[in-house]
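Since the structure comes first, as structure tokens, the remarks are kept for the end.
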Amino acid sequence: NVGKIFPGGGGGLWRPAPPDVRAVDGVSFEMTRGETLAVVGESGCGKSTLGRLLLRLIEPSSGRVLIEGTDITTLSGAEMRQMRRKVQMVFQDPYGSLSPRRTIAQLIAEPLQVFGLVKNRRQMRERVAELLTQVGLPPSVMDRNPRQFSGGQRQRIGIARALSVDPSFIVADEPVSALDVSIQAQIINLMQDLQQEKQFSFLFIAHDLAVVRHIAHRVAVMYLGQVMEIGTKRQIYEVPQHPYTQALLSAAPEARLDRPYRRIVLKGDVPSPTAVPEGCSFHTRCPLAQGICRVERPPLAQVAPGQMAACHFAAPNSLGVAAAGPSLD
Ligand code: SF4
Ligand code: MG
Numbered sequence: 267n268v269g270k271i272f273p274g275g276g277g278g279l280w281r282p283a284p285p286d287v288r289a290v291d292g293v294s295f296e297m298t299r300g301e302t303l304a305v306v307g308e309s310g311c312g313k314s315t316l317g318r319l320l321l322r323l324i325e326p327s328s329g330r331v332l333i334e335g336t337d338i339t340t341l342s343g344a345e346m347r348q349m350r351r352k353v354q355m356v357f358q359d360p361y362g363s364l365s366p367r368r369t370i371a372q373l374i375a376e377p378l379q380v381f382g383l384v385k386n387r388r389q390m391r392e393r394v395a396e397l398l399t400q401v402g403l404p405p406s407v408m409d410r411n412p413r414q415f416s417g418g419q420r421q422r423i424g425i426a427r428a429l430s431v432d433p434s435f436i437v438a439d440e441p442v443s444a445l446d447v448s449i450q451a452q453i454i455n456l457m458q459d460l461q462q463e464k465q466f467s468f469l470f471i472a473h474d475l476a477v478v479r480h481i482a483h484r485v486a487v488m489y490l491g492q493v494m495e496i497g498t499k500r501q502i503y504e505v506p507q508h509p510y511t512q513a514l515l516s517a518a519p520e521a522r523l524d525r526p527y528r529r530i531v532l533k534g535d536v537p538s539p540t541a542v543p544e545g546c547s548f549h550t551r552c553p554l555a556q557g558i559c560r561v562e563r564p565p566l567a568q569v570a571p572g573q574m575a576a577c578h579f580a581a582p583n584s585l586g587v588a589a590a591g592p593s594l595d
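Each residue of the sequence shown is one higher than the one before, starting from 267 at the first, in this note's numbering.
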């Protein structure tokens with residue numbers, strides 16, 4: 267039930283106080299070890315804020331985050347530093363997140379040094395060489411500067427850095443959105459292989475369902491700070507129950523999904539997170555909205571074992587039977 271409100275800040279004599287931003291609103295889910303959960307939604311839906319809350323890079327306004335049974339929101343600074351060994355982040359812009367003044371070896375080894383995991387320079391260079399090999403780069407690049415590398419190579423370096431401490435949980439925030447489509451597949455394949463080999467829990471944030479089709483075991487779809495639907499990959503791609511999930515599938519490039527989805531064009535833009543609509547927050551754009559949708563917020567409720575949707579009209583679904591979701595005809 268984790269939430270984050272960014273206060274709008276104080277007003278002035280001539281200026282009203284800006285409204286609060288409800289970035290993440292009562293999100294709940296669990297992940298198991300060795301599982302990849304993709305969090306998907308349009309920009310501004312709160313997915314990056316959620317990723318940062320899960321690593322306590324920002325403090326939640328409400329709710330809890332438990333990692334291996336420990337509520338990290340109550341840890342002291344010293345305790346949190348120990349927890350940081352287990353949790354790592356891969357950022358969207360590999361150039362922005364790598365300091366151009368340092369060498370590849372320094373960048374990758376920094377977490378190793380922070381946690382005292384290498385005793386001397388020789389050990390450090392051995393470990394960096396091993397990590398570079400794991401991400402498909404030659405160890406000979408370690409004394410170079412990140413500026414000399416392409417976006418895809420820099421993302422490999424970012425992944426090596428995250429892997430250096432052997433974390434049990436990694437959050438990757440749109441790790442391939444800044445890359446060319448041809449490079450995206452290489453990086454996703456690399457992350458998928460590493461995830462399978464090392465069995466860390468992996469939260470993969472993306473704005474489109476096509477990107478995570480291969481890598482995700484489960485998918486959570488977010489809209490205006492809430493989870494609208496969550497389920498296994500098969501449930502989300504084959505029997506999506508929420509109209510927003512169906513719309514996102516229909517908007518993804520067909521060639522990058524295995525099959526065509528009926529085209530659903532949503533009305534208007536995503537409302538501002540400073541003015542989340544009453545009732546179902548999706549009602550202003552939903553092609554199926556009814557009267558109740560404007561006044562009553564639908565709970566995220568089970569529609570099939572392992573699948574939940576927040577829609578008044580989501581029907582029970584059993585896989586293998588024709589989709590029983592809301593009809594968009
Ligand atoms: Fe659409 Fe209503 Fe379902 Fe919301 S509750 S997704 S507005 S049908
Ligand atoms: Mg983002």
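Glycine included, every Cβ here is placed at the ideal spot set by N, Cα and C.
Remember, predicted model here, so these are calculated numbers, not experimental data.
Less than 8 Å between C-beta atoms, sequence neighbours within five positions excluded: which residues of the same chain meet that for residue i?
i, result
"V331", "V268, L319, L320, R322, D337, I338, T339"
"G292", "N267, V268, G269, S328, G329, Q492"
"L456", "V401, G402, R422, I425"
"Q556", "H578, F579"
"P433", "R351, K352, V353, Q354, F466"
"I324", "K270, T315, R318"
Could you spell out the range, first to last residue, of the beta strand (DSSP E) harbouring residue i?
i, result
"M574", "573–575"
"M355", "353–356"
Can you list, in chain order, the residues of its chain whose CB lies under 7 Å from that of residue i, leaving out five sequence neighbours each side?
i, result
"A371", "R391, V394, M408, D409"
"L397", "I374, A426, L429, S430"
"R560", "E544, G545, H549"
"Q452", "G418"
"Q461", "T302, F468"
"T399", "P405"
"F381", "R351, V431"
"E308", "H473, V536"
"G310", "V536, P539"
"K499", "A482, H483, R484, V485"
"L383", "V431"
On the DSSP bridge list, what partners appear for residue i?
i, result
"D291", "In DSSP, D291 forms no bridge with anything."
"A567", "A575"
"G269", "S328"
"T602", "Residue 602 cannot be examined here, being either before or after the span of the chain that is shown, 267 to 595."
Take residue i and list the residues in its own chain whose beta-carbon comes closer than 6 Å to its own, dropping the five residues that flank it on each side.
i, result
"A590", "For A590, the predicted model reports a pLDDT of 42, less than 50, meaning its position is unreliable and no value from the coordinates is stated."
"Q573", "G497, Q501"
"T315", "K270, A289, V290"
"L532", "A513, R551"
"V542", "R288, L490"
"S365", "none"
"V569", "Q507, A575, A580, P582, N583"
"A540", "Inspection of the sequence shows that residue 540 is occupied by Thr rather than by Ala. If we look at T540 and ignore the five residues flanking it on each side, its Cβ neighbours are P285, V287."
"R522", "A476"
In the DSSP assignment, find the unbroken alpha helix (DSSP H) run with residue i in it and report its ends.
i, result
"V305", "It is not in any alpha helix (DSSP H) - V305 instead sits in the beta strand (DSSP E) that spans 302–306."
"I530", "From DSSP, I530 is part of no alpha helix (DSSP H); its letter is neither H nor E."
"G378", "Note that residue 378 is Leu in the sequence shown, not Gly. Its alpha helix (DSSP H) spans residues 370–380."
"K313", "313–320"
"M346", "343–349"
"V384", "From DSSP, V384 is part of no alpha helix (DSSP H); its letter is neither H nor E."
"G557", "557–561"
Comparing alpha-carbon positions, which option in the options lies nearest residue i?
i, options, result
"E562", "H480, P285, E544", "E544"
"P565", "S294, E376, R422, P366", "S294"
"G300", "S365, P553, E334, V531", "E334"
"S467", "L456, D474, A482", "A482"
"S443", "I454, F435, P326, I436", "I454"
"Q419", "D439, E440, F435, I449", "I449"
"P441", "D474, E376, E463", "D474"
"L469", "Q452, M494, I436, M488", "I436"
"Q354", "G317, G382, L303, E345", "G317"
"A567", "I324, Q507, V477", "Q507"
"N411", "R368, T399, T540", "R368"
"R413", "R347, K464, D359, L515", "D359"
"A486", "A438, Y527, T511, A476", "T511"
"Y527", "V536, Q348, L515", "L515"
"F415", "R388, T298, L445", "L445"
"A518", "P282, K313, V306", "V306"
"V478", "E463, Q458, E325", "Q458"
"A610", "M488, Q348, F272, P326", "Coverage of the chain is limited to positions 267 through 595, which leaves residue 610 absent and any answer about it impossible."
"D471", "K313, S342, G276", "In the sequence as displayed, the identity of residue 471 is Ile instead of Asp. Nearest C-alpha to I471: K313."
"P326", "P273, D524, M349", "P273"
Suppose only complete runs of 4+ residues qualify. What are the alpha helix (DSSP H) ranges in the region 468–519, listed by chain order? Entirely contained in the region 468–519, the alpha helix (DSSP H) runs reaching 4 residues are, in chain order, 499–504, 509–517.
In the region 396–453, which residue ranges form an unbroken beta strand (DSSP E) of at least 3 residues, counting only runs that do not cross its ends? Positions of the beta strand (DSSP E) runs, each at least 3 residues long and wholly inside the region 396–453, are given as 435–439 in order along the chain.
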